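Chains as they are written, first to last, in my numbering: chain F, 5 to 127; chain H, 92 to 373. Just below is one structure, and these are the notes that go with it.
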């Protein structure tokens with residue numbers, strides 16, 4: 005399965021990439037929500053998005069709303085991976101269509117568990 | 092710093108006598124790391140060997156209790172292994188709720204509560220899937236040998252990493268409140284579970300006739316005769332049509348004739364046999 009990692013930190017992207025590759029994913033990356041929407045247009049077979057909340061240009065919450073407004077992306081699971089821990093924000097993201105939420109800091113095991121909780125079978 | 096073979100042998104005997112938990116040769120690392128963690132928590136700069144020397148001089152008392160606590164704590168997470176909770180939601184609870192509809196009661200025992208994730212996972216599974224039992228007589232007892240773990244359970248307070256592990260985000264926002272850098276279980280959920288101290292090899296307090304027993308990933312620490320005794324006691328405490336959940340790698344096979352393995356959803360559990368043949372034939 006193909007996954008997109010959306011985070012403005014290159015270090016976080018590369019850490020998540022290592023974890024996803026270990027779980028059998030092919031990955032692509034984006035530095036903000038707008039770039040991610042462009043990548044989606046080029047990669048209709050993406051099945052998973054890991055997305056940060058705080059990013060320049062377009063934040064993760066706006067990205068989720070934009071993706072969920074387009075029913076052709078209903079199949080894609082979205083997991084927020086963020087330092088945000090406000091319940092209000094968490095509820096807003098879940099209501100907007102996020103499938104799961106991971107709070108930084110996290111381990112590879114946490115990412116694997118949350119991907120499984122979102123309904124994706126991993127190796 | 093590693094401990095000597097004589098110290099490890101003393102710790103094995105000490106833990107066996109105090110908790111009946113068997114530490115095999117491969118557990119030396121576990122003994123060292125758990126003792127080092129305990130010393131750090133206590134703000135002590137002593138070595139594990141010095142701690143063991145104190146324990147030899149005073150094998151009972153507050154220090155001994157703390158060491159037993161440290162040695163018997165197990166790693167756990169919310170919805171650990173997932174399948175037993177799916178089986179509860181899809182098969183076990185619907186059946187029991189139908190069967191117990193007349194007296195509107197349900198009794199559950201979680202026998203190795205550790206830091207509380209398992210009993211609270213069961214409680215969330217009930218609240219999410221079966222709101223109709225709100226007016227029922229629910230007797231939900233969770234026990235553990237460790238005082239420190241029971242205090243944690245009663246407090247219901249978890250670190251960010253702990254709530255990240257296995258807990259679906261919709262349930263986190265529904266059943267937890269932020270508490271600084273931690274998360275605290277809401278009172279409505281915490282009040283569903285009664286936490287009590289119980290040593291599986293000591294005397295057992297009165298338990299209600301049990302519909303559901305969870306005793307996962309703890310029997311692996313006991314030797315065969317102890318397992319036989321524990322299974323016999325569980326059988327006595329269970330309703331004839333109850334459900335016993337053990338860890339994925341655990342079984343009653345070879346230790347008890349009183350249970351039979353039953354497949355439930357993607358997992359299996361153990362159910363009391365209708366009739367048990369006596370091994371002596373008498």
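The beta-carbon is built from N, C-alpha and C at its ideal position, and this holds for glycine as well. All figures in this text were calculated on a predicted structure; none of them were measured in a lab.
| query | result |
| --- | --- |
| With 16 other Cβ atoms within 10 Å as the buried cut-off, status of residue 139 of chain H | buried |
| Test: residue 55 of chain F CB closer than 8 Å to a CB of chain H | no |
| Residue 226 of chain H versus residue 156 of chain H: straight-line alpha-carbon distance, rounded | 40 Å |
| Residues that DSSP places opposite residue 285 of chain H in a beta bridge | H:232 |
| The ligand ADP heavy atom lying under 7 Å from the CB of residue 31 of chain F | Here there are no bound small molecules, and the ligand ADP is not part of this structure. |
| Interface residues of chain H facing residue 24 of chain F [CB-CB closer than 8 Å] | What residue 24 of chain F touches in chain H: nothing, since even the nearest Cβ is about 17 Å away. |
| C-beta neighbour in chain H for residue 9 of chain F, strict 8 Å | no |
| Distance, residue 181 of chain H Cα to residue 322 of chain H Cα | 26 Å |
| Nearest to residue 360 of chain H (by Cα), restricted to the options H:147, H:280, H:231, H:177 | H:177 |
| Exposure label - residue 58 of chain F; buried when at least 16 CB within 10 Å | exposed |
| Residues of the stretch 97-118 of chain F whose Cβ lies closer than 7 Å to any Cβ of chain H, in chain order | 98, 104, 105, 106, 107, 110, 114, 117 |
| Range of the contiguous alpha helix (DSSP H) that encloses residue 238 of chain H | 238-246 |
| Reference residue 70 of chain H, options H:325, H:119, H:258, H:319, closest by Cα | The requested residue 70 of chain H is not part of the displayed model; chain H covers only 92 to 373. |
| Listed by chain order, chain F residues near residue 269 of chain H by CB distance under 9 Å | 89, 90, 91 |
| CA-to-CA distance, residue 110 of chain F to residue 100 of chain H, given in whole angstroms | 37 Å |
| Cutoff 8 Å: residue 5 of chain F Cβ touching any chain H Cβ | no |
| Neighbour-count burial assignment, residue 131 of chain H, 16 or more Cβ in a 10 Å radius | exposed |
| Classification of residue 137 of chain H by the beta-carbon crowding that lies within 10 angstroms, buried from 16 upward | exposed |
| Buried or exposed by the 16-neighbour rule on C-beta atoms within 10 Å, applied to residue 252 of chain H | exposed |
| Nearest-angstrom beta carbon gap, residue 115 of chain F and residue 50 of chain F [assumed within contact, 8 Å] | Not quite, the Cβ-Cβ distance comes to about 17 Å (not below 8 Å), so this is no contact. |
| Within-8 Å CB hit, residue 373 of chain H to chain F | Caution is warranted here: a pLDDT of 37 is assigned to residue 373 of chain H, below 50, making its placement in the model unreliable, and no coordinate value can be reported. |
| Any C-beta of chain F under 8 Å from that of residue 191 of chain H | no |
| Whole-angstrom distance between residue 288 of chain H and residue 295 of chain H, CA atom to CA atom | 9 Å |
| Among H:312, H:350, H:116, H:357, nearest to residue 329 of chain H - alpha-carbon criterion | H:350 |
| Listed by chain order, chain H residues near residue 52 of chain F by CB distance under 8 Å | The premise fails here: residue 52 of chain F is roughly 15 Å from chain H at the closest Cβ pair, so nothing lies under 8 Å. |
| Backbone secondary structure at residue 373 of chain H - three-state DSSP | Below a pLDDT of 50, predicted positions are generally treated as unreliable, and residue 373 of chain H, at 37, falls in that range; the measurement from the model is reported next regardless. Reduced to three states, the DSSP call for residue 373 of chain H is coil. |
| Pair within 8 Å by beta-carbon distance, residue 364 of chain H and residue 353 of chain H | no |
| Residue 92 of chain F, enclosing alpha helix (DSSP H) - first and last residue | 91-100 |
| Strand pairing of residue 84 of chain F, partner residues [DSSP] | F:55, F:105 |
| Under the three-state DSSP convention, the category residue 118 of chain F falls into | helix |
| Whole-number beta carbon distance between residue 170 of chain H and residue 258 of chain H, since they are thought to touch under 8 Å | 7 Å |
| Whole-angstrom distance between residue 303 of chain H and residue 358 of chain H, CA atom to CA atom | 15 Å |
| Distance CB(residue 202 of chain H)-CB(residue 305 of chain H) smaller than 8 Å | yes |
| Buried or exposed by the 16-neighbour rule on C-beta atoms within 10 Å, applied to residue 209 of chain H | buried |
| Stretch pair the stretch 243-251 of chain H + the stretch 272-288 of chain H: three plus CB contacts closer than 8 Å | yes |
| With 16 other Cβ atoms within 10 Å as the buried cut-off, status of residue 37 of chain F | buried |
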